[in-house]
Structures are given as C-alpha cells and as structure tokens.
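Read the structure below first, then the notes.
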Amino acid sequence: MALVPSPPRDKYPPLPDDKFPWKEPPPVAITPCDPWPPPYYLEDGLRKVTPYHYTYNTYCKQRWRGREILDIFASEFRDRPAEYYEQAIIDGRVVVNGKPVPSTKTIINNGDVISHTLHRHEPPCTAQPIGIVHEDNDMIVINKPAGMPVHPAGRYNFNSIIEIMRADRGYGWNPLPCNRLDRLTSGIMFIGKHKQAAEDMSAQIRGRTVKKEYITRVVGEFPEGEILCEKPILQISPKLGLNRVRANGKEAKTVFKRLAYYPPKDDGNNTQEQEGEKGPDGQPWKKLRGYSIVRCFPVTGRTHQLRVHLQFLGHPISNDPIYANQRVFGPSLGRGQSEDEDDEDIMSRLSRMGKEEVADAVAYHDEMVDAYNKRKAERMTGEKCKVCDTDLYSDPGVHELGIYLHARRYRCEEGKWDYQTGLPDWALPPPGYEGPTEGTEESDPLAVDLKKLGLEDEEPKEKVET
1 MALVPSPPRD KYPPLPDDKF PWKEPPPVAI TPCDPWPPPY YLEDGLRKVT PYHYTYNTYC
61 KQRWRGREIL DIFASEFRDR PAEYYEQAII DGRVVVNGKP VPSTKTIINN GDVISHTLHR
121 HEPPCTAQPI GIVHEDNDMI VINKPAGMPV HPAGRYNFNS IIEIMRADRG YGWNPLPCNR
181 LDRLTSGIMF IGKHKQAAED MSAQIRGRTV KKEYITRVVG EFPEGEILCE KPILQISPKL
241 GLNRVRANGK EAKTVFKRLA YYPPKDDGNN TQEQEGEKGP DGQPWKKLRG YSIVRCFPVT
301 GRTHQLRVHL QFLGHPISND PIYANQRVFG PSLGRGQSED EDDEDIMSRL SRMGKEEVAD
361 AVAYHDEMVD AYNKRKAERM TGEKCKVCDT DLYSDPGVHE LGIYLHARRY RCEEGKWDYQ
421 TGLPDWALPP PGYEGPTEGT EESDPLAVDL KKLGLEDEEP KEKVET
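Heads up: the sequence shown begins at 1 in UniProt numbering, then just goes up one per residue.
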C-alpha cells in the first residue's frame, strides 16, 4: 500500500522541545484509511474491532538519535519480533520523513519523523455499555465500565472511552475527560462537552471542594471501624507499574470503612494451605478465605494509592494482578512490608509472570504488556492473520478485564452537586448471604469524622490515580 506525503500542518505530530523554527516540518505518512464509523462488533460479551490499517507517526526521541532504525524498532516496540520490522522496512511500510529508507541500518537523526504503517489488531474490551449518570449542556457524568482505557494508548485506539463515545455521538464530537481512572477500574468519570466546562471541573477535582468515594472487594476480614492509613508511597518500577509503602515515598492518606464481610461457607478458618506448591519463601501457598466489601476515601491522590494501602494493611483487592499475587509477594501478600531489601526479588518475579501465572489479568495491565507478551505463547490460537501474518491470540476472559475497584461517588463539598452509582455486582451479597445492597450514610467514608482523624483541612494534592 502506497504512503502519501501529507502537507497539512494539522496532520503533524507535536514538535519536540528542541524544534527547528528555521525549517518546515518534514512530511509524514498518513493513515491509508480512516474507518468511520469504527469497525466495532460484539461477540461473547466483548466489544471487538475489525483489524484495520493504521500509520503511527512520531518524531525522533533523544535516546534514538544516532541509532540504526531497525535497532530502534527491535528494542523499543517489542510487541512484534525484529524479523517483522526488518521486512516492514524493506517493504516500505516504515519510512522516514515520508520516504523509504535505503537500509535497515539507516541512522535516525534529530528532527526526523518516523512513520510505520501496519495492520492494527486491537485487544477486545468489555461489551458493557458506558452508563450515563447525568448529562447537561456542559458535562456528561458517566459510569465507566472496567476494562476500557480512557484515552487511545498503546494497543488501544477505537476501544477507548473517548472513541466509543465519539462513535455514538458523531465524528466531530470532542469528549474532554476531567478526571482519570485506570483501565482496570470502573466508576464515575466527568466528560466535558467544551473546553471551559472541562477546565472548571478539573480545577474542582484537583482542589479541596470535591470528595471521592471508592468501593472495593478485598481479601479476608477487614477490621471494623474507621481505619486511617498514612503510609507514604514510592514508585519502585514505572515499567512494571509497581508502587510500595516506603519511608522516603510521597505523603499518602486514605480512610477505609468496612461495609460488609462475607466469610467462607464451609468453615470459619480464613486460610487454607494448597498442597503441592510452595511460595518464594519455601512455604506452602495459603489460599485466603472470605472477603470484605470496603469503602475508601482517598485524602491524597497517589498512583495506586488505594491498592498499595490495602496491600500494606493485609487486605489487597481480591483480584489485583499485582498486589494480591502470592507468586510475587508470597503467602503474606506484602502485609506490613516497608523495607526495600526484597524489591529486586519482587520485580524479578513480577517481570516473569505470564506463562504459568493463573492471574491472566496481567496480560492486559497497561504497564506489563511488554513483559507478558514475551511469555503468552499459551494464548496463541495457532492461527495467523491472512493480511499481515501476525499471530492471533485467544480472547480474554471476563475476569481479566478489570479489578474489584469502583469509583462510586463524587460530590461537591459545597452541596452544588452529588453524583453516585449503585454498588457493582461483585459488591452485592453472594448467594446464601444477607448484606447491604446499597451504600448508607452510616457506612459512608464521606461521613467519617475527619476532624477526629486530624484530616479536616487536608487538601488532595493530585488527581486520584487508582
């Protein structure tokens, strides 16, 4: 398929900081087709996208300067083998400044635009619709399903909140997210209809006038009462998405309050050893029994704050592919750990997860795709794409599309607005049990005595990134 130089400036990627004002930006390759409406179809509870041709355009990054083009692709874009990129360069599907390169050893220089046209295969996401909690002339409040990224990123493009809403409302419609939720997390999100509305809501969320409540399902019997966790959090590995409690981390505060506890039906023992397997410390695996539904009030907003604090307290989110993984943290699941002597071992085990790991959700955790792709041979269907000869993979299970963490309520402290959802299905009483089916003020972390906890005047310093 021929690549066409594109003169219009609105097709260029953003210029880097060290741009050259004295020369025109180089031409870039444009996507051979821009399918509209997006080629969605629903199958087995999943929203899928028919593969389509797409062109990625990017300026030369600083670390790429002076390197061979094949070396850049083979080391930076590891979702496909080096042999694929070698053939793509030879065939002219990888071009520099809109022109084919003479060799796979072509050196990339500062200011170059690299274009790569490929047959794009997006991962499926849940077919659950995006719920509308409230809509007016300025704002849409949605109930985001778990398993959908907010923005196009990585392997996701049309299967994102932004593009799904655009497909529903028209090509020229521009949704403007005001808060962020991880792809694995569900719940309340604010989508501005115009720039001013988005800026106003974003400012409110960053400030002290918006209170947030999350609901989660955690391992074991969470203690009753108001539990305050003030442990600082440090990012250990950006690539693996690993954060842990550390004394030299950033200040972090969360209030937790149990809504319900559902013990195992068979006995009152909350742990059960699994025969035949041993953990990293040589001890038998322990299968933690029973679970609690917990309400969470983040006073600050650090990356993975709720997930890390819950792990530290000994009650990680039940299906968290990182922080509730015994193969990584051992039977204790990292409870009370705040020293760094085991960080290297933790990262090593985390990076090896994949082929033998039961928690297949790691395959779709954004920061772990690279490590997992190297080890997911068991997920191959054995078939190849007839267009691009790419290996095809089996669909994810429903359990792989999210974790038990839901942004249930956002409210303005001044009483101007209050948006909330019902409890997600996984937070409702299981068969044979009685329990709460909705939140109550008495059990609501937003109603805890912040003055008593010394948090009355606290102001969240960042957006919550769960």
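Glycine included, every Cβ here is placed at the ideal spot set by N, Cα and C.
Bear in mind the structure is a predicted one, so any value in this text is a computation, not a measurement.
The alpha helix (DSSP H) that contains residue i, what's its start and end?
i: A324; result: Looking at the DSSP string, A324 is not in any alpha helix (DSSP H), and its letter there is neither H nor E.
i: V387; result: Taken as a continuous stretch (DSSP letters only), V387 belongs to no alpha helix (DSSP H), as it is neither H nor E.
i: Y85; result: A82 to D91
i: E76; result: I69 to E76
Return the chain-ordered list of same chain residues with a C-beta closer than 6 Å to the C-beta of residue i, the five sequence neighbours on each side being excluded.
i: P316; result: V219, L310, Y323, A324 and L333
i: Y261; result: E221 and S292
i: T106; result: I69
i: G314; result: R335
i: T381; result: L392 and S394
i: D360; result: Note on D360: pLDDT 36, under 50, position unreliable in the model; no value is reported.
i: H406; result: S186, G187, I215 and P424
i: V294; result: T216, V218, F222, F256 and R258
Give the single residue among the options whose Cα lies nearest to the Cα of residue i.
i: T421; options: S186, N243, C125 and F312; result: S186
i: E68; options: R307, V94 and S160; result: V94
i: E413; options: T209, N143 and P81; result: T209
i: W417; options: Y433, R169, N97 and H134; result: H134
i: A146; options: K99, L181 and A203; result: L181
i: R411; options: Y393, P263 and I205; result: I205
i: V245; options: D391, P436, R169 and T303; result: T303
i: P129; options: D136, I142, H121 and E122; result: I142
i: F73; options: P321, W173, Y85 and G131; result: Y85
i: V387; options: N174, P298 and L118; result: L118
i: P263; options: G435, P81, D44 and A29; result: G435
i: Y41; options: P321, E438, L428 and I164; result: I164
i: F77; options: H116, V101 and Q62; result: H116
Between which two residues does the beta strand (DSSP E) holding residue i run?
i: A407; result: L405 to C412
i: Q128; result: Careful: Q128 lies outside any beta strand (DSSP E) and carries neither H nor E.
i: I114; result: V113 to R120
i: H151; result: No beta strand (DSSP E) contains H151, which DSSP labels as neither H nor E.
i: I227; result: E226 to C229
i: V96; result: V94 to V96
Going by DSSP, what residues sit across from residue i in a beta bridge?
i: R295; result: I215 and K257
i: N143; result: G131 and I188
i: E43; result: L46
i: N243; result: Q235
i: V210; result: C412
i: P58; result: It is Thr, not Pro, that sits at residue 58 in the sequence shown. The partner list for T58 (beta bridge, DSSP) reads I114.
i: D418; result: R411
So, for residue i: in the same chain, excluding its five sequence neighbours on each side, which residues have a beta-carbon less than 7 Å away from its beta-carbon?
i: M201; result: M139, C178, F190 and G192
i: E251; result: P232 and T300
i: S160; result: M148, P149, V150, H151 and P152
i: Y171; result: W36
i: L176; result: I191, G192, K195 and A198
i: Y156; result: E122, P123 and P149
With C-beta atoms as the reference, is residue i less than 9 Å away from residue j?
i: T254; j: L234; result: no
i: Y404; j: P430; result: no
i: W426; j: R217; result: yes
i: F158; j: P38; result: yes
i: G111; j: Y56; result: no
i: H53; j: R120; result: yes
i: I114; j: R65; result: no
i: R408; j: E224; result: no
Ignore the nearest five residues each way along the sequence and tell me which others in residue i's own chain have a CB closer than 8 Å to its CB.
i: L46; result: P124, C125, T126, A127, D395 and P396
i: D366; result: Since pLDDT at D366 reaches only 34, below the 50 mark, its modelled position is unreliable, and the value read off the structure follows with that caveat. Closer than 8 Å at Cβ, skipping near neighbours: P149, A153, G154, D182, R183 and G241.
i: K265; result: G432
i: V448; result: For V448, the predicted structure reports a pLDDT of 46, less than 50, and the residue's modelled location is therefore unreliable. A value from the coordinates is still provided. Correct list, in chain order: E226, V255, K257 and F297.
i: Y419; result: V133, H134, V141, I188, R409, Y410 and R411
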